[in-house]
Amino acid sequence: MTLAWRNVWRNKLRSGIMIAAMIFGLLGALLMVGFVQAMTENMVDNAIRYQTAHLQIHNHKFLLNEELSAWIPEAENLAASIRQQSGVEAVTARQVVDGMLASAASSRGVRINGIRPQDEIRVTDLQQSLVAGKMLTETGRNPILVSRRNADKLNLRLGSKVVLTFTNIDGDVTGAAFRIVGLFKTPASAFDDSNIFVRRSDLARFSGLDQAHEIAIRIADDQQLTELQEKITTLVEEQGVVQNWGEVQPVLAAMTGSMDIANAIVAGVFIAALGFGIINIMMMSVFERTREFGVLMAIGMTHARVLLLIIMESVLLGAVGGLLGLAAGRLMLAITDQFGLPFGAVAEGLGAYGVDAVLYPSVKGSFYLLMFGMVLFTSLVAALYPARQILKKRPSEALAERH
Amino acid sequence: MSIQLKHLTRIYNRETTFPVVAVDDVDLNIEQGEFVAVMGPSGSGKTTLLNMVGGIDRPDNGQVVIDRTDMTALTDKELIAFRRDNIGFIFQDFSLLPVLTAKENVEFVMQLQGRSQSDCETRARELLQEVGLGDQLNIVPGKLSGGQQQRIAVARALAPKPKFILADEPTANLDAQTTRDLLDIMQRLNEKEGVTFIFSTHDPRVIERARRVIVFEDGQVREDRTT
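Just so you know, the sequences run in chain order A and B.
For the first sequence, our numbering assigns the number 402 to the last residue and increments by one with no breaks.
For the second sequence, our numbering assigns the number 221 to the last residue and increments by one with no breaks.
In structure tokens:
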């Protein structure tokens, strides 16, 4: 061990360069993985907090065609039963209608969400997303929440009147005037563009239907998602279909899955580059000492010990570089965790995917261990080729080398 | 202890059009306590002969028998153990481990034998004292002169209490005074401890000290004289 450790530092410049390469490589890999992980978690978190909640229930017909007539039978009773389940934090039942939002300036197609404000604020962060005005209450005449983006596009402000038009339960086009009491802004610009919120009682009055199309459920512990989905599915029976956030937003779920692959690719590329670097260093280090290994074999060092010596040199080099690289990465991630990583000009683009403008990259503790293990394993493998080349020689052949 | 070489032959590039017969059917006997110089011009086969005697190369034909052990019949693993316990090596370029101190270099070979650390340390100190480096125990070879490094190499060769020591041109890189000092040490150890020394050399200063000179040429013994 002593001999291997001292051999690592025989050529300080060469070992130093290799260690520096490992530090920067690991730093880059950790930041990249941390960024991807933070982005994924942020997208999912935002989707759950502002849009889907953890679970949703719809009439199966509604999933095929979002018609007003495809309501959930006895939705209120069902919501009440679900609230009683342990692990369920809050439940809200919404009426949902596609319609047009019109101002004096222009109009847009939107999804009109009829909500019970007191239930909604327990399930989603709609209230927290308000950037002006106030949350819907049970008082006042036809209040509405529109997004800041829609307000800008339709030239609206707090107190402005808008007209909602949609098809009622009888198949007639109906409309009503609403007054803006609040402007919201969520991290997802696409969601903001296509959603508005009114009181469910107001929507029911104009649609002619006092029923709900969507039950959204917030749970206390993400780890219980599958278990609760199964439990609630049993409870719902034929009344509707229970979907988790990933099923409601399959594109987001697919992106989450592909980001795991992206992380694996980043880690794999780094490890491959590291492996070739260490092989190169070890080949130089071992082959220039061929005669020395000849001496070691001559004075009685067994092949196993020579192999162990070369492997230990390589693994020690990898361990030093790996530990320093991971420490540097941890430090950098601690800094970004404290101050965040702002995206400035690209924040708007990321907003389309529901990502915050500032991210806080983080890497799971197990990933550090995994990377360290992979660095050590790669170092070990990298030592095998030069070691084999040395051990193929007779001591006399190795002694004859004059490197 | 006796070393017997029987019809020892080594041919390089055997499979090619131009095979080189480095050692050609050599028969020799070396007895316990001899101080032998094998001399001859470069390329005469001296080093190859010593390599086979030392078990770091295998002959294409013939035998090396040390006491009753036929080295050519040993497996690689057995040969390594045999070398470790019975043969000391001294090289022209000293071949010390540069990252270890003088004491650690000497201890290292004994550690390979599995001896205890205190045992290794005591013997390393004694041997380095013996070769006049008692005050340089913790110095790395790079900070010592060529003569001092070769003395460490002598101590290292003696450390495992070998049956004999093979020295391949040990004085080639040393000046006259250092060579004399080193030869004095080796001669003293030979006389006092009865350690057999076999040198490969063409250094006349070594030859004049040797009690037996074997002249080697074209892979064969041309002359074998006792002085």
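Backbone N, C-alpha and C fix where the C-beta goes; we use that ideal spot for every residue, glycine too.
Simplified DSSP state of residue i, which is helix, strand or coil
{"i": "GLY372(A)", "result": "helix"}
{"i": "PHE12(B)", "result": "coil"}
{"i": "GLY90(B)", "result": "A small correction: the amino acid at residue 90(B) is Leu; Gly does not occupy that position in the sequence shown. Coil, per DSSP."}
{"i": "VAL285(A)", "result": "helix"}
{"i": "MET300(A)", "result": "coil"}
{"i": "HIS212(A)", "result": "coil"}
{"i": "LEU(-1)(B)", "result": "strand"}
{"i": "ARG217(A)", "result": "strand"}
{"i": "ASN76(A)", "result": "helix"}
{"i": "ARG164(B)", "result": "Going by the sequence as given, residue 164(B) is Pro instead of Arg. Note: PRO164(B) maps to coil in three-state DSSP."}
{"i": "TYR6(B)", "result": "strand"}
{"i": "ASN154(A)", "result": "coil"}
{"i": "ILE159(B)", "result": "strand"}
{"i": "THR123(A)", "result": "coil"}
{"i": "ASN416(A)", "result": "Given that chain A is displayed from residue 0 to residue 402, the structure contains no residue 416(A) and the question cannot be resolved."}
{"i": "VAL20(B)", "result": "strand"}
{"i": "PRO249(A)", "result": "helix"}
{"i": "VAL134(B)", "result": "coil"}
{"i": "ASN64(A)", "result": "coil"}
C-alpha gap between residue i and residue j, whole angstroms
{"i": "LYS0(B)", "j": "ALA272(A)", "result": "54 Å"}
{"i": "SER200(A)", "j": "ALA46(A)", "result": "26 Å"}
{"i": "SER313(A)", "j": "ALA397(A)", "result": "20 Å"}
{"i": "LEU442(A)", "j": "ALA318(A)", "result": "The question about residue 442(A) has no answer here: the residues shown for chain A are numbered 0 through 402."}
{"i": "GLY256(A)", "j": "THR166(A)", "result": "38 Å"}
{"i": "ASN58(A)", "j": "GLN242(A)", "result": "11 Å"}
{"i": "SER361(A)", "j": "LEU332(A)", "result": "6 Å"}
{"i": "GLU9(B)", "j": "GLU211(B)", "result": "23 Å"}
{"i": "ASP44(A)", "j": "MET258(A)", "result": "15 Å"}
{"i": "LYS363(A)", "j": "ALA253(A)", "result": "21 Å"}
{"i": "VAL200(B)", "j": "LEU183(B)", "result": "15 Å"}
{"i": "GLY158(A)", "j": "GLY170(A)", "result": "30 Å"}
{"i": "ILE50(B)", "j": "ASN6(A)", "result": "24 Å"}
{"i": "THR42(B)", "j": "GLN214(B)", "result": "12 Å"}
{"i": "ASP191(A)", "j": "ALA326(A)", "result": "41 Å"}
Chain B contact residues for residue i, given Cβ-Cβ distances below 9 Å
{"i": "ARG9(A)", "result": "PRO92, VAL93"}
{"i": "VAL294(A)", "result": "PHE83, PHE85, SER89, LEU90, LEU91"}
{"i": "THR335(A)", "result": "Within chain B, no residue comes near THR335(A); the closest Cβ sits about 40 Å away, beyond 9 Å."}
{"i": "LEU2(A)", "result": "LEU91, VAL93, LEU94, GLU98, PHE102"}
{"i": "LEU12(A)", "result": "Going along chain B, no residue has its Cβ under 9 Å from LEU12(A), so there is no contact; the nearest lies around 16 Å."}
Residue i: contacting residues in chain B (beta-carbon distance under 7 Å)
{"i": "ASN6(A)", "result": "VAL93"}
{"i": "MET300(A)", "result": "LEU106"}
Boundaries of the beta strand (DSSP E) in which residue i is found, first to last residue
{"i": "PHE29(B)", "result": "29 to 33"}
{"i": "PRO142(A)", "result": "142 to 146"}
{"i": "ALA176(A)", "result": "172 to 183"}
{"i": "ARG110(A)", "result": "106 to 114"}
{"i": "HIS57(A)", "result": "54 to 57"}
Proximal chain C residues relative to residue i, where beta-carbon distance stays under 8 Å
{"i": "ALA297(A)", "result": "Looking for chain C here will not work: the only protein chains present are A and B."}
Residue i versus the options, residue with shortest Cα-Cα distance
{"i": "MET283(A)", "options": "LEU2(A), MET17(A), MET0(A)", "result": "MET17(A)"}
{"i": "LYS133(A)", "options": "VAL96(A), ILE168(A), LYS184(A)", "result": "LYS184(A)"}
{"i": "ILE159(B)", "options": "SER194(B), ARG174(B), ASP175(B), THR42(B)", "result": "SER194(B)"}
{"i": "THR51(A)", "options": "GLU213(A), GLY321(A), ALA263(A)", "result": "GLU213(A)"}
{"i": "ILE120(A)", "options": "LEU135(A), ARG107(A), ARG110(A)", "result": "LEU135(A)"}
{"i": "THR220(B)", "options": "ILE24(B), VAL17(B), SER(-4)(B)", "result": "ILE24(B)"}
{"i": "GLN94(A)", "options": "GLN84(A), GLU66(A), GLY86(A), ALA356(A)", "result": "GLU66(A)"}
{"i": "GLY136(B)", "options": "ALA204(B), ARG77(B), LEU90(B), PHE85(B)", "result": "LEU90(B)"}
{"i": "ALA187(A)", "options": "VAL305(A), SER128(A), VAL35(A)", "result": "SER128(A)"}
{"i": "GLU217(B)", "options": "VAL14(B), VAL32(B), ASN7(B), ASP18(B)", "result": "VAL32(B)"}
{"i": "PHE376(A)", "options": "LEU390(A), HIS302(A), PHE177(A), PHE275(A)", "result": "PHE275(A)"}
{"i": "HIS53(A)", "options": "ALA381(A), LEU227(A), GLY299(A)", "result": "LEU227(A)"}
{"i": "THR69(B)", "options": "LEU369(A), THR301(A), SER365(A), VAL380(A)", "result": "THR301(A)"}
{"i": "ARG204(A)", "options": "ALA175(A), ILE179(A), ILE195(A)", "result": "ALA175(A)"}
{"i": "GLY141(B)", "options": "ARG119(B), PRO92(B), LEU22(B), GLN86(B)", "result": "GLN86(B)"}
Segment limits, alpha helix (DSSP H) that includes residue i
{"i": "ASP54(B)", "result": "Run containing ASP54(B): none; DSSP gives neither H nor E here."}
{"i": "LEU398(A)", "result": "394 to 399"}
{"i": "GLU217(B)", "result": "Segment 214 to 220 is the beta strand (DSSP E) holding GLU217(B); no alpha helix (DSSP H) there."}
{"i": "THR232(A)", "result": "224 to 235"}
{"i": "PHE23(A)", "result": "11 to 45"}
{"i": "ALA170(B)", "result": "170 to 187"}
{"i": "ASN80(B)", "result": "70 to 80"}
{"i": "PHE102(B)", "result": "96 to 106"}
Contact list for residue i against chain B, beta-carbon separation under 8 Å
{"i": "ARG393(A)", "result": "ILE50, ASP51, ARG52"}
Residue i beta carbon near the ligand NAD (any heavy atom closer than 7 Å)
{"i": "LEU322(A)", "result": "What this structure holds is no ligand at all, so the ligand NAD is not there to describe."}
Partners in chain A for residue i, counting only beta-carbon separations shorter than 8 Å
{"i": "VAL103(B)", "result": "ILE298, GLY299"}
{"i": "ILE74(B)", "result": "MET296, GLY299, MET300, THR301, HIS302"}
Cross-chain neighbours of residue i in chain A, by beta carbon under 7 Å
{"i": "ASN45(B)", "result": "SER395"}
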